[in-house]
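Colleague: Quick one: the structure is below, and I'll ask about it shortly.
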Amino acid sequence: MTQNTPDLPFNIADHHVWRPYTQMKSTPPALKVRSAEGVFIELEDGRRLIDGVSSWWTVCHGYRHPHIMAAVRDQIDKVPHVMLGGLTHEPAQTLAARLARLAPGDLNHVFFCESGSVSVEIGMKIAIQSWINRGERGHTKFVCFKGGYHGDTLATMSVCDPEEGMHSLFAGGLQQQIVTELPCDTESRVRFESLVAERKGEIAGIITEPLVQGAGGMKFHTPETLRYLREICDRHGLPLILDEIMTGFGRLGTMFACEKAGVVPDIMTVSKALTGGTLPLAAAIASSRLFADFWSDDAGAALMHGPTYMGNPAACAAANASIDLFENEPRLEQVAAIEAVFAEQLPEAREFAGIVDVRWQGAIGVMEFESLPDLETLKARFVDAGVWVRPFGNIIYLMPPYVISRDELDQLISATLSVTKVWAGEHFN
C-alpha cells in the first residue's frame, strides 16, 4: 500500500512514474496510450494520433511491423536473454556481422549496449584507452561543438553544448571538454585548426553528429564540414567519432548520414531506429585499427566495459528483422518521397509570424521560431488536431515513420501547419 506523507505537497500515488524532461508539478498529465499500429497511436479515450516524431525518432517501420514482431516472439520462446560475458548467441553474432557490412569503411567491431548515451560513452572510452594502450597518456579531452547533443549521462553531457538549458545546471560536475563552433566557413576553420594544433597532445578525439545536430535544435551543416573534420583528424592522428544515433538507418536518405559526405569515422554510435522502435539496443562500432589497439597479451589492455543487457537476444532479433526490412522494402525511397513532400508543402510556413527558418532534409522537416511561448498549449492543440508533434526549444519539427502513406503525410503536415499558423499569429502579431 502506498503511504502518503502528510507534509509532502503532492500525492505520491499520482506520481510513481517520474517522467522525462518534465516539471512534474506544472506539466499536464501524460496521455495514456492503449495501442499503436502503423503510424497511429491510439489513446485510452479512443482518439487516434498520427505519430509525427516516430516516438523519439525510433519507429522507422511504423508500430508493430509483423516481421519484427514475429522475430521477437520467436526469439523470446528460445532465449529472451543471456549474458554476453563468456557466452554468445546467434542473434548477436549475426547482427554484429550485418552492421559491419552495412557500416562504411573498416568499421568492423561492434560493442553492444542498451542506450544511445551509453554507446557514446563507450566510444569515448575506446578513444581514450586506445591512446593509453599505445603508450601515449594525456589524451583525455574531446573536441565537441556548440549546438551538439550526445546524451544525458554525465560523460555524454560533457560533450554536449554546455549552454543548453538541459545540461548547464550540471556544469560544475562535468569534465571540461574542448567546446567550439562547428568549422563551417573559412574563418572558423582557421580558428579550429589552430585550436587542434595547439591542444592535440590532450585531445582524445573529435565527436560530432553528422549533418544534423538533433536535440540541439535540428541544425543542419554541410557534407563539406564533415569532410573537413575527417581531414583534420587524419592530419593530426585523431579519431573521429560520429554519433549516428538520430541520423542512422535512413533518416537523411542514406543508411548512415556520413555516407552523404563520403566520410568514414573511426567510431560510429547507433541506436534509436536500430530495432525499428521495438526494444532498447545500441552499439559503438569501431574500426579495425582501433580494435587492434586492444589486441594484446596483457589482460589490462582489454576494454573494461560490460552492460548487463548488452546484446540482448530479443533486441538483436528485432534489429536483424529491422535490417531485413531495409533490404526487402523500399525504405530509402520512402524517405526520398517524404523529403519531396516536405519541399512542396513546408515553404508555406515561411510566411508565418515569428518564423526564423524553414528547412528539411531526408525525413526531417523543421520550422524554427524566435521562441515557443505557451508550449504546453501548443502541444495540446496538436493533439486536438489528431497529430502527435512534440516541439522543443524554439523549433517545431516532423520526423514521421518512413512507411507513412501520402494521405497520412498530407494530413500530418496540414494539421501541423494549420495549428502552427494560428498559434504563431496569436503570439507574434
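Everything in the sequence shown is counted per our numbering, starting at 817 for the first residue and increasing by one. For glycine and all other residues, C-beta sits at the position ideal for the given N, C-alpha and C. Model, not experiment: these values are computed from the prediction.
#1: Which stretch, first to last residue, makes up the alpha helix (DSSP H) that contains asparagine 924?
#2: Which runs of the alpha helix (DSSP H) fall wholly inside the region 994 to 1064 and span at least 4 residues, in chain order?
#3: Could you tell me which of Gly854, Pro907 and Glu997 sits nearest to serine 871, measuring between CA atoms?
#4: With three or more C-beta pairs closer than 8 Å as the rule, is the region 1097 to 1116 touching the region 888 to 907?
#5: What is the residue span of the beta strand (DSSP E) that isoleucine 857 lies within?
#6: Exposed or buried, what is tyrosine 837 when buried is set at 16 or more other beta-carbons lying within 10 Å of its beta-carbon?
#7: With C-beta atoms as the reference, is valine 1079 less than 8 Å away from leucine 1042?
#8: Check the DSSP bridge columns for valine 1219 and list the partner residues they point to.
#9: Look at glycine 902 and tyrosine 965 and say whether their C-beta atoms are less than 8 Å apart.
#10: Which whole-angstrom value describes the C-beta separation of lysine 1035 and glycine 963, a residue pair presumed to lie in contact below a C-beta threshold of 8 Å?
#11: Serine 851 bridges to which residues according to DSSP?
#12: May I have a chain-ordered list of the beta strand (DSSP E) segments no shorter than 3 residues that lie completely inside the region 1070 to 1116?
#13: Would you give the residue range spanned by the beta strand (DSSP E) that valine 1199 belongs to?
#14: Alpha carbons only, please: which of Ser1010, Val995, Ile1212 and Arg1147 is nearest the one belonging to phenylalanine 1168?
#15: Mind reading off the beta-carbon distance from valine 898 to proline 1129? Whole number of angstroms is fine, and I expect it under 8 Å.
#16: When you compare the CB positions of leucine 1068 and glycine 1178, do they come within less than 8 Å of one another, or not?
#17: Helix or strand or just coil, what does DSSP make of methionine 1183?
#18: Helix, strand or coil for aspartate 968, going by three-state DSSP, please let me know.
#19: Give me the residue from Leu824, His1052 and Val1172 with the minimum Cα distance to valine 1182.
#20: Which value, in whole angstroms, describes the spacing of the CA atoms of valine 1199 and histidine 905?
#21: Can you round the beta-carbon distance between arginine 1166 and valine 1174 to whole angstroms, since I take them to be within the 8 Å contact cut?
#22: Just the Cα atoms here: how many angstroms apart are proline 1163 and proline 1207?
#23: For the alpha helix (DSSP H) that contains valine 1157, what are its first and last residues?
#24: In whole angstroms, give me the CA-to-CA distance for methionine 1120 and arginine 953.
#25: Closer than 6 Å by C-beta to arginine 1197: which residues in its own chain qualify, once you throw out the five before and the five after it? Chain order, please.
#26: Rounded to the nearest angstrom, what separates threonine 969 and arginine 850 at their Cα positions?
#27: Starting from aspartate 890, trace the alpha helix (DSSP H) in both directions and tell me its first and last residue.
#28: Would you call the region 1093 to 1101 in contact with the region 929 to 944, where contact means no fewer than 3 C-beta pairs closer than 8 Å?
#29: Would threonine 1127 pass as a contact of histidine 1243 if the rule is Cβ separation under 8 Å?
#30: Have a look at isoleucine 1057 and arginine 1046 and give me their C-alpha separation to the nearest angstrom.
#31: Confirm, please, whether the CB-CB distance from leucine 865 to tryptophan 1204 is below 8 Å.
#32: Starting from tryptophan 873, trace the beta strand (DSSP E) both ways and give me its first and last residue.
#33: As a quick exercise: from Gly1209, Asp867, Gly1202 and Leu1194, pick the residue whose alpha carbon is nearest that of tryptophan 1239.
#34: Taking 8 Å as the limit between beta carbons, can you name the residues of its chain near methionine 840, skipping five residues before and five after?
Modeller: Concretely, from the data shown:
#1: Careful: asparagine 924 lies outside any alpha helix (DSSP H), inside the beta strand (DSSP E) at 923 to 929.
#2: Listed in chain order, they are 1002 to 1015 and 1039 to 1052.
#3: By alpha-carbon distance to serine 871, the top candidate from Gly854, Pro907 and Glu997 is Gly854.
#4: No, because fewer than three Cβ pairs between the region 888 to 907 and the region 1097 to 1116 fall closer than 8 Å, the two stretches do not touch.
#5: That run of the beta strand (DSSP E) goes 856 to 859.
#6: It counts as exposed.
#7: Against a cut-off of 8 Å, the Cβ pair of leucine 1042 and valine 1079 comes out as a contact.
#8: According to DSSP, valine 1219 bridges with nothing at all.
#9: For glycine 902 and tyrosine 965, no; Cβs fall outside 8 Å.
#10: The Cβ separation is near 5 Å, so the contact holds.
#11: Bridge pairing for serine 851: Glu858 [DSSP].
#12: Entirely contained in the region 1070 to 1116, the beta strand (DSSP E) runs reaching 3 residues are, in chain order, 1083 to 1086 and 1098 to 1103.
#13: No beta strand (DSSP E) holds valine 1199; the alpha helix (DSSP H) holding it covers 1191 to 1200.
#14: If we check each option's Cα against that of phenylalanine 1168, Ile1212 comes out closest.
#15: In this structure, valine 898 and proline 1129 form a Cβ contact; the two beta carbons are roughly 6 Å apart against a cut-off of 8 Å.
#16: Yes, they are a contact pair.
#17: In the structure shown, methionine 1183 falls within a strand segment according to DSSP collapsed to helix, strand and coil.
#18: Coil.
#19: Of the residues Leu824, His1052 and Val1172, the one whose Cα lies closest to the Cα of valine 1182 is Val1172.
#20: So the two alpha carbons sit approximately 43 Å from each other.
#21: The distance from the Cβ of arginine 1166 to that of valine 1174 is about 5 Å, consistent with a contact at the 8 Å cut-off.
#22: If I take the Cα positions, the gap works out to 18 Å.
#23: Where valine 1157 is concerned, the enclosing alpha helix (DSSP H) stretches over 1147 to 1161.
#24: Pairing methionine 1120 with arginine 953, the inter-Cα distance amounts to about 17 Å.
#25: If we look at arginine 1197 and ignore the five residues flanking it on each side, its Cβ neighbours are Val1235.
#26: As the crow flies, the alpha-carbon of threonine 969 is around 31 Å from that of arginine 850.
#27: Looking at the DSSP string, the run of the alpha helix (DSSP H) that includes aspartate 890 is 882 to 894.
#28: In this structure the region 1093 to 1101 lies against the region 929 to 944, because at least three pairs of beta carbons, one per stretch, are closer than 8 Å.
#29: Checking the displayed sequence, the identity of residue 1127 turns out to be glycine instead of threonine. If you check the CB distance, glycine 1127 and histidine 1243 do not come in under 8 Å.
#30: If I take the Cα positions, the gap works out to 10 Å.
#31: Yes.
#32: Not the beta strand (DSSP E): tryptophan 873 falls in the alpha helix (DSSP H), residues 870 to 873.
#33: Shortest Cα-Cα distance from tryptophan 1239 to any of Gly1209, Asp867, Gly1202 and Leu1194 involves Leu1194.
#34: Excluding its 5 nearest sequence neighbours in each direction, methionine 840 has C-beta neighbours in its own chain below 8 Å: Phe826, His831 and Trp834, listed in chain order.
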